[in-house]
Amino acid sequence: ADRVSASIDKSITNDLDKAIAELISGNLVMFCDGSQFAVLFGVQYFPKRTPMEPSTELQERGSREGFVESFKDNITLLRRRVRNPVFKIETVEVGITTKTRACVCYMSDRVDKELLESVVDRVKNATLDTVLGAGYLQSFLDSKHPSIFSGVGFTERPDVAVAKMAEGKICIIVDGTPNAVIVPYLFIEHFHSLDDYLKRPYYATFIRLLKIASF
């Protein structure tokens, strides 16, 4: 060949169904006569908003960036904060009709392997026809033990998601949702905030105790 095609977002597949799905999603699919594979180029464009300050998790000293509806932008916000190959991403399609992309994010050196396998299996086996938000997966990820509190958390902040992954937790980004799912999520974490780590330890502990006493 006397010409070379180059693109930042490019992949190769030999699955016709995947090629058709990518074509429907707005990507460019290139077939060459005599080749048993197709080349996929990410040239799609969707209207989207820029990262803005989260409206539900206001912080005094933390970042002013929040997740948006584009899962690629959300992954970029996480990747920019973790410049290390231990940060891993597994993409799964959920929803029979919508075929929504969900990204399971974690740090490979800290996550529990059995927990990771369980979460990935639950996401893959979620029997849903449509997935239009991260909340659709909550019932599949939550603990089966009877409790009035959920073991699944949500956050709008990339810095909080990275902090949770640094503790060995798993973060799930669902395309079209400006929230990340955090599993497992403990009850005491409802009283935590990122500002607690940016203040003096004694003052942060006092604020946490005040929150618990108020509850």
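At position 90 of the sequence shown the residue is numbered 73 (our numbering), and the sequence of numbers has no breaks. Cβ atoms here follow ideal geometry from the backbone N, Cα and C, with glycine treated the same way.
Gly49 counts as buried, since no fewer than 16 other beta carbons sit within 10 angstroms of its beta carbon. In chain order, Val69, Lys71 place their CB closer than 7 Å to the CB of Ser91, counting only its own chain and leaving out the 5 sequence neighbours on each side. Ala109 sits in coil when the DSSP states are folded into three classes, being neither helix nor strand. Comparing alpha-carbon positions, the option among Ser101, Gln42, Arg63, Phe189 lying closest to Pro167 turns out to be Ser101.
Look at Arg84 here: in three-state DSSP terms it is strand. Restricting attention to Thr39, Val26, Lys82, the CA atom closest to the CA of Ala4 is found in Lys82. A distance below 7 Å between beta-carbons, with the five flanking residues on each side excluded, links Arg84 to the following residues of its chain, in chain order: Phe54, Thr74, Glu76, Asp158.
Between the alpha carbons of Pro37 and Lys96 lies a distance of about 31 Å. A residue is called buried once 16 or more other Cβ atoms fall within 10 Å of its Cβ, and Arg140 is buried on that count. In the DSSP assignment, Thr(-4) falls within the unbroken beta strand (DSSP E) covering -7 to -4.
At a Cβ-Cβ threshold of 9 Å, Met13 and Leu23 count as neighbours. One thing to note: Gly78 has its Cβ within 9 Å of the Cβ of Asp112. CA-to-CA, the gap between Leu98 and Thr188 works out to about 30 Å. Check the Cα spacing between Gly136 and each of Ser8, Lys107, Leu124, Arg32: the tightest is with Leu124. A residue is called buried once 16 or more other Cβ atoms fall within 10 Å of its Cβ, and Ile131, having fewer, is exposed.
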